[in-house]
Amino acid sequence: MLSVVPTPLTVRAPAKVNLHLGVGDVRPDGFHELVTVFQALSLHDDVTLTPSDALSLHVTGDGARDVPTDPTNLAARAVVALAERYDRDPNMRIDIAKGIPVAGGMAGGSADAAAALLGAATLWGLDIGRDELDEVAATLGSDVPFSLHGHTALGTGRGERLIPALARGEFHWTLALARDGLSTPAVYHELDRLREAGDPPRAGSPDALLAAVASGDPHRLAPLLVNDLQAAALSLQPGLRRTLRAGMEAGALAGIVSGSGPTCAFLCASADDAVDVGTELAGAGVCRTVRVASGPVPGATVVP
Ligand code: ATP
Numbered sequence: 001m002l003s004v005v006p007t008p009l010t011v012r013a014p015a016k017v018n019l020h021l022g023v024g025d026v027r028p029d030g031f032h033e034l035v036t037v038f039q040a041l042s043l044h045d046d047v048t049l050t051p052s053d054a055l056s057l058h059v060t061g062d063g064a065r066d067v068p069t070d071p072t073n074l075a076a077r078a079v080v081a082l083a084e085r086y087d088r089d090p091n092m093r094i095d096i097a098k099g100i101p102v103a104g105g106m107a108g109g110s111a112d113a114a115a116a117l118l119g120a121a122t123l124w125g126l127d128i129g130r131d132e133l134d135e136v137a138a139t140l141g142s143d144v145p146f147s148l149h150g151h152t153a154l155g156t157g158r159g160e161r162l163i164p165a166l167a168r169g170e171f172h173w174t175l176a177l178a179r180d181g182l183s184t185p186a187v188y189h190e191l192d193r194l195r196e197a198g199d200p201p202r203a204g205s206p207d208a209l210l211a212a213v214a215s216g217d218p219h220r221l222a223p224l225l226v227n228d229l230q231a232a233a234l235s236l237q238p239g240l241r242r243t244l245r246a247g248m249e250a251g252a253l254a255g256i257v258s259g260s261g262p263t264c265a266f267l268c269a270s271a272d273d274a275v276d277v278g279t280e281l282a283g284a285g286v287c288r289t290v291r292v293a294s295g296p297v298p299g300a301t302v303v304p
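Residue numbers (UniProt numbering): 1 to 304.
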């Protein structure tokens, strides 16, 4: 029986938070060596692909004005990279509905790239496995393979080498979205500068954190959350200290800058607590807006 791929085709891809982000030294290729534990959250972008006579991009939703609609957009780069590798016609209309904050440290662009890769491979009926898709994903960005896979995973290298991690139950998060974004390269440069000036503490092994994730106990996980980029993000946006403090005062178990920031992620004891923390944060005027989310969730998925 012939399976017919519906067009337009929509793929949903999740945001991520780094539960553990250990940043090592700069490698000869300019990237930092990372040891990180990602978790995919129920905050997502939807990417819709429609075959067309030209490649075009249309972006709606939160922060859409700050997303490029030219060939530098990661979703467009994903379609072009896959088309070149498998000799296909990249012409299609790409519609991105943003739910993930732009330049927020939650891998929004990577989510769009992962969604576009899976969508284009499905539309073209490519007979390729996840390994091949992962290979293309890693050429587009360090977080793109994780956006394809989702759930909880240990990432090494630039973050692109993944080992799935066991996670029990559901963790509840409140996210405080900032008014202005932070550029990921600028945050890494700031960390390098701080490390030249002194010797800020570095995250150790993620083993205890991985055990806490497997236990499903947020109280056990909370004190183990760690992010080596946090000091650099706070140095560039000192106001985030107030946001982190406000979340703790509102009853979160722990607060952490997400990835390169400036989104602050608060781990909460329950879904109800996450809503309460969000309500207090919204009223405290310490962020642009708040979202509640849970994790882990799957990676890029075709929407039926
Ligand atoms: P990460 O957490 O992976 O470091 P981020 O979440 O901080 O990334 P993104 O939302 O991915 O940041 O955006 C970073 C920059 O990438 C944006 O400022 C934008 O100029 C560019 N960009 C390219 N394609 C996209 C896309 N599809 N969505 C969002 N930003 C994109």
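Yeah, the Cβ is synthetic: ideal placement off N, Cα and C, and Gly gets one too.
*Report the option in V303, T7, L21 whose CA atom is closest to the CA atom of V257.*
Within the sequence shown, numbered from 1, the residue matching residue 257 stands at position 257. Closest option to V257, Cα to Cα, is L21.
*Do V275 and the ligand ATP come close, with the Cβ less than 6 Å from some heavy atom?*
Within the sequence shown, residue 275 is the residue found at index 275, counting from 1. V275 Cβ: outside cutoff for every heavy atom of the ligand ATP.
_Please identify the residue among L177, P201, A214 whose C-alpha is closest to the C-alpha of T289._
Here residue 289 refers to the residue found at position 289 of the sequence shown. Cα-wise, what sits closest to T289 is L177.
*Relative to the alpha-carbon of P206, which residue among T36, G181, D228, I163 has its alpha-carbon at the smallest distance?*
Stepping through the sequence shown from its first residue, residue 206 is reached at position 206. P206 has its Cα closest to that of T36, out of T36, G181, D228, I163.
*Answer yes or no: do L194 and A222 have a C-beta to C-beta separation smaller than 7 Å?*
Sequence index remark: in the sequence shown, residue 194 carries index 194 (1-based). Sequence index remark: in the sequence shown, residue 222 carries index 222 (1-based). No. Outside cutoff.
*Please list, in chain order, all residues of the same chain as V80 whose beta carbon is under 8 Å from its beta carbon, the five residues on each side excluded.*
Numbered from 1 along the sequence shown, position 80 holds the residue referred to as residue 80. Closer than 8 Å at the Cβ level, and outside the excluded window around V80, lie L55, P71, P90.
*Unbroken beta strand (DSSP E) runs of length 3 or more, entirely within the stretch 116-195: which are they?*
152-157, 161-164, 171-177
*Cross-strand partners of R291 (DSSP beta bridge)*: One-based indexing of the sequence shown puts residue 291 at position 291. DSSP output for R291 lists L175 as bridge partner(s).
*Keeping to the same chain, check which residues put their C-beta closer than 8 Å to that of C287; ignore five residues upstream and five downstream.*
Locating residue 287 in the sequence shown gives position 287, where the first residue counts as 1. Excluding positions up to five away in sequence, the list reads A176, L177, A178, R179, T243, C264, L281.
*Grab me the residues of L214's own chain with a C-beta within less than 8 Å of its C-beta, minus the 5 sequence neighbours each way, in chain order.*
Position 214 of the sequence shown, counting from 1, holds the residue named residue 214. Residue 214 is actually Ala in this sequence, not Leu. Excluding residues within five positions, the ones whose Cβ falls inside 8 Å are A165, L166, A167, R168.
*Figure out for me which residue from G141, V59, T152 has the closest Cα to the Cα of P298.*
Your numbering for residue 298 matches position 298 in the sequence shown. The shortest C-alpha separation from P298 is found at T152.
*asked:* Once the 5 residues before and after A271 are set aside, which same chain residues still bring their CB inside 6 Å of it?
replied: By one-based count along the sequence shown, residue 271 stands at place 271. Excluding residues within five positions, the ones whose Cβ falls inside 6 Å are H172.
*In the stretch 52-89, which residue ranges form an unbroken alpha helix (DSSP H) of at least 4 residues, counting only runs that do not cross its ends?*
74-86
*asked:* Quick check on DSSP: helix, strand or coil for L41?
replied: Reading the sequence shown from its first residue, position 41 is the one you call residue 41. Note: L41 maps to strand in three-state DSSP.
*Which ranges would you report for the beta strand (DSSP E) in the UniProt domain "GHMP kinase C-terminal" (210-281) if only whole runs of at least 3 residues count?*
254-257, 264-268
*At which residues does the beta strand (DSSP E) containing D95 begin and terminate?*
Locating residue 95 in the sequence shown gives position 95, where the first residue counts as 1. 92-98 is the extent of the beta strand (DSSP E) around D95.
*Run the proximity test for G61: is its beta-carbon closer than 6 Å to any non-hydrogen atom belonging to the ligand ATP?*
Mapped onto the sequence shown, residue 61 falls at position 61. No.
_For the structure I just gave you, are there three or more beta carbon pairs, one from the stretch 45-63 and one from the stretch 9-20, closer than 8 Å?_
yes
*asked:* Given a cut-off of 7 Å on the beta-carbon distance, is the pair P14 and G109 in contact?
replied: Within the sequence shown, numbered from 1, the residue matching residue 14 stands at position 14. Within the sequence shown, numbered from 1, the residue matching residue 109 stands at position 109. Not a contact, by the Cβ cut-off of 7 Å.
_Near the ligand GTP: S260 beta-carbon under 6 Å from a heavy atom_ = Although the ligand GTP was asked about, the structure shown includes only the ligand ATP as ligands.
*How many whole angstroms separate the CB atoms of L82 and L41, which I take to be in contact at a CB cut-off of 8 Å?*
Counting from one through the sequence shown, the residue named residue 82 turns up at place 82. Counting from one through the sequence shown, the residue named residue 41 turns up at place 41. With 8 Å as the limit, L82 and L41 do not qualify as a contact, their Cβ atoms being about 26 Å apart.
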